[in-house]
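Data block below; observations after.
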């Protein structure tokens, strides 16, 4: 079977995340035999295939954001997780139940990551069981780190797809592919604004970074930025921040985004905005000026 025993709950990557964080010149050569797959044209999916694919994307976002509640809602309580982490030609394999995963995750200090999928293969059996193969690249702060070949099995439970098996192989990318990419950074940054951990957003800033919203009082440093983000997440408990585009300007890079959210009064919010980003020497944000160009945006959230 072309499906290579693996798949992601890259949250398991939190259990072995250090393996994919630091560069390793020797181990990097492993990935050359199995290069990252370039993005291909989107095929015509059936409704069941599209729904299964959407669940995989939800899962990868939940794991990248270290969001246990979102993850628990997607996964069967009888699910199993398998990982094969390949370093220096040696594979370290592990298998655990979803309960064991959650237990171990509670004792970890997670870091955010973003895992875009380059290619999917999806097979649905009688509309009840789906097999999803995904060739993905795991990125941290805009830098591709590892090639993950993920394999998922989902089953319908009360009409909803639930994950019953998750596995992946994790192989380091060669050094020439580990280059900072501003678009990957921006997409990763948008993802953590959609999450539940305010400190994940502040991790995208330099230690002395500054975040300013609509010309208000700047938040300076990690603690103040985390507090601003915590207030935002409190005001919009259900939210998705979608990356739209990057625009280079003389003052920095504009990252345009769209917020779709529900506020604490159950009011639906849909607005567009942008952040003017100036990057620091460490590939993190030195200053960010957030702008909500619509009247609705200025009224719905200001700090």
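Numbering (the numbering used here), first residue to last: 15 to 317.
For glycine and all other residues, C-beta sits at the position ideal for the given N, C-alpha and C.
Quick caveat: nothing in here was measured; it's all calculated off a predicted structure.
The C-beta of residue 57 has fewer than 16 other C-beta atoms within 10 Å across all chains shown, which makes the residue exposed.
Scanning its chain for C-beta atoms nearer than 7 Å, with the 5 sequence neighbours on each side dropped, one finds around residue 89 the residues 112, 176, 177, in chain order. Here the region 204-217 lies against the region 243-256, with 3 or more beta-carbon pairs under 8 Å apart.
Contact between the region 185-197 and the region 148-156 is present, with at least three C-beta pairs closer than 8 Å. If only uninterrupted alpha helix (DSSP H) runs of at least 4 residues are considered, those enclosed by the region 200-231 are 212-216.
Setting aside the 5 residues that flank it on each side, residue 157 is surrounded in the same chain by 192, 194, each with a C-beta closer than 6 Å to its C-beta; the list follows chain order. Going by beta carbons, residue 166 and residue 70 fall inside the 7 Å limit. When secondary structure is reduced to three states using DSSP, residue 73 falls in the helix class. With contacts defined as CB atoms closer than 7 Å, residue 299 and residue 218 qualify as a contacting pair. Residue 274 sits close to residue 254, with the two beta carbons spaced by under 7 Å. Per the C-alpha coordinates, the member of 118, 162, 126, 115 positioned closest to residue 134 is 162. Following the DSSP letters along the chain, one finds residue 275 inside the beta strand (DSSP E) bounded by residues 266-276. Taking a contact to require three or more Cβ pairs closer than 8 Å, the region 282-299 and the region 253-273 qualify as touching.
Non-local C-beta neighbours of residue 63 in its own chain, meaning closer than 7 Å and more than five positions away in sequence, comprise 136, 138, ordered along the chain.
Under the DSSP assignment, residue 237 falls in the alpha helix (DSSP H) whose first and last residues are 235-249. Residue burial is scored here from C-beta neighbours: residue 212 has at least 16 other C-beta atoms within 10 angstroms and is therefore classed as buried.
In summary, residue 124 is buried, with 16 or more beta-carbon neighbours lying within 10 Å of its beta-carbon over all protein chains present.
By the criterion of a C-beta distance shorter than 8 Å, residue 240 is surrounded in its chain by 212, 213, 215, 216, once the five residues flanking it on both sides are discounted.
When the beta-carbon positions are compared, residue 105 and residue 97 stay at least 7 Å from each other. Pairing residue 267 with residue 252 gives a Cβ-Cβ distance that is not under 7 Å. Put simply, the backbone Cα of residue 142 is about 6 Å away from that of residue 169.
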